[in-house]
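J.:
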Amino acid sequence: MFEAVLTICALAGAPCRAALLPGHEAPTRAACETALPAGARCVPAGPALALTEIAPGVLVHRGAVAEPGAGNAGDVANLGVVIGARSVAVIDTGGSAPVGEALWRAIRARTDLPISHVILTHMHPDHVLGASVFDGARIVGHAGLARALAERGAGYLESLQRLIGPGPMLGTALPRIDEGVGDAARIDLGGRQLALRAWPLAHSATDLTVLDEATGTLFAGDLLFDDHVPALDGSLPGWQAALDALGALNAQRVVPGHGGPVLDWPGGGAAQARYLDTLARETRAAIAAGERLTQATGHVAASEAPLWSLFDAYNPRNVTAAFSELEWE
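Count along the sequence shown from 1, add 7, and you get the number used in our numbering.
#1: The beta strand (DSSP E) that contains Glu-158, what's its start and end?
#2: So Ala-205 and Val-217 are supposed to be a Cβ contact under 8 Å. How far apart are they, rounded?
#3: At the level of alpha carbons, what is the spacing between Arg-48 and Arg-36?
#4: Does the beta-carbon of Gln-259 have 16 or more other beta-carbons within 10 angstroms, so that it is buried, or is it exposed?
#5: Quick check on the burial criterion: 16 or more other C-beta atoms within 10 angstroms. Buried or exposed for Asn-257?
#6: Going by DSSP in three states, Arg-93 sits in which element: helix, strand or coil?
#7: To the nearest angstrom, how far is it from the Cα of Gly-123 to the Cα of Arg-281?
#8: With DSSP as the reference, identify every bridge partner of Ala-202, one or two as the case may be.
#9: Do the CB positions of Met-130 and Leu-152 come within less than 7 Å of each other?
#10: Cα-Cα, which of Leu-156, Gly-267, Asp-185 and Ala-202 is closest to Cys-213?
#11: Determine the direct distance from the alpha carbon of Glu-74 to that of Leu-317, and round the result to whole angstroms.
#12: Between the alpha carbons of Gly-143 and Thr-100, how many angstroms are there, rounded?
#13: Pairs of beta-carbons, one from the region 14 to 27 and one from the region 71 to 89, closer than 8 Å: are there three or more?
#14: Is there contact between the region 78 to 95 and the region 178 to 198, where contact requires at least three CB pairs shorter than 8 Å?
#15: Starting from Ile-122, follow the beta strand (DSSP E) in both directions and report where the run begins and ends.
#16: Helix, strand or coil for Arg-112 per DSSP?
#17: If you compare alpha carbons, which of Phe-141, Leu-56, Thr-290 and Pro-29 is closest to Leu-333?
#18: Using only the alpha-carbon positions, how far apart do Val-140 and Asp-82 sit?
#19: Between the region 269 to 288 and the region 236 to 248, are three or more C-beta pairs nearer than 8 Å?
#20: Which value, in whole angstroms, describes the spacing of the CA atoms of Val-106 and Val-125?
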């Protein structure tokens, strides 16, 4: 298989990258070169992400349980693909354009159907920064997503460029949002309905879940973590309430935003529920005891440390966020 690429460079003498031009794949170089865009060239197809079919027509890529870095190009979140009779939906797109390109290749190895929708489960960069690769798809997210990315996006790009490196980040851009979901929405892929639901402040201010009704597969985004310690960027009580409500949904399995990549439901949410309950209970106890925040971060939820990856990186931030919210109860 051959594909069209375009070399992009930041500045003269700076790193360059061969960026994929989606839609120009062909089995031979000669076929690829037909109607080749100006400045592009055809090369053997690059790497594709690994996709696992967890239910008929439902595929998942498991991102690394790690911080974004040069070794993973921001491939640290779980990504989903749902294939209908008429078109395909992508659920989250990774933390850089190269991850989005590798996801595109993986989808094209499975189906030639058009990718009609890209659904972004929330604003965090490891889930959204590969979306610009899917030009032509309708990009859907929480009603607050466009504003959240406008406010935080420049910082996200700067941070990821520092962590991943300027070369791999070339061509990575904030996604446009074509449709914001304020409460609920439905997407028809042809004989396959996806039910979208926007959530109040929980893990973040822009959480959106996707339920494939044909198979009972719930894409929870970062409302659910597995292995990777949960990361709080919203409201702790709100997240606890959302997790309880998720448990009542008619789902057979769930894809968490990290870890897994597929868990039974609702049993797959038990570990996170325990962690959030511990975080809330011990934070409230620290506040009641008159502790300062610096004291609380040293011990709150410490019993959970052996049970989660990246605990030392995220738990102190979680305690800080929880303390700041709960001290005003």
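Don't be surprised by glycine CBs; every beta carbon is placed ideally from N, CA and C.
The model shown is predicted, which means the values in this text are computed figures rather than measured ones.
T.: A quick look at the data gives this:
#1: No beta strand (DSSP E) contains Glu-158, which is instead part of the alpha helix (DSSP H) from 152 to 171.
#2: With a Cβ gap of about 11 Å, Ala-205 and Val-217 do not count as contacting.
#3: Those two C-alpha atoms are separated by around 10 Å.
#4: Answer is exposed; the Cβ neighbour count stays below 16.
#5: By the C-beta density criterion, Asn-257 is exposed, having fewer than 16 other C-beta atoms within 10 angstroms.
#6: Coil, per DSSP.
#7: It is worth fixing the name first, because residue 123 is Ser in this sequence and not Gly. Distance between the alpha carbons of Ser-123 and Arg-281: 38 Å.
#8: Paired residue(s): Arg-193 and Leu-218.
#9: The Cβ-Cβ distance between Met-130 and Leu-152 falls below 7 Å.
#10: Here residue 213 turns out to be Thr, not Cys, going by the sequence shown. Shortest Cα-Cα distance from Thr-213 to any of Leu-156, Gly-267, Asp-185 and Ala-202 involves Leu-156.
#11: Each residue's CA atom was taken as its position, placing Leu-317 and Glu-74 some 8 Å apart.
#12: Cα to Cα, the separation comes out at about 15 Å.
#13: Per the Cβ contact rule, the region 14 to 27 is not in contact with the region 71 to 89 (fewer than 3 Cβ pairs under 8 Å).
#14: Because the criterion of three Cβ pairs below 8 Å is met, the region 78 to 95 and the region 178 to 198 touch.
#15: Boundaries of the beta strand (DSSP E) harbouring Ile-122: 122 to 126, taken from the DSSP string.
#16: Here Arg-112 sits in helix by DSSP.
#17: Among Phe-141, Leu-56, Thr-290 and Pro-29, the Cα nearest to that of Leu-333 is on Thr-290.
#18: Taking the Cα positions, Val-140 is about 15 Å away from Asp-82.
#19: The answer is yes - the region 236 to 248 touches the region 269 to 288, with three or more Cβ pairs under 8 Å.
#20: Taking the straight line joining both Cα atoms gives about 14 Å.
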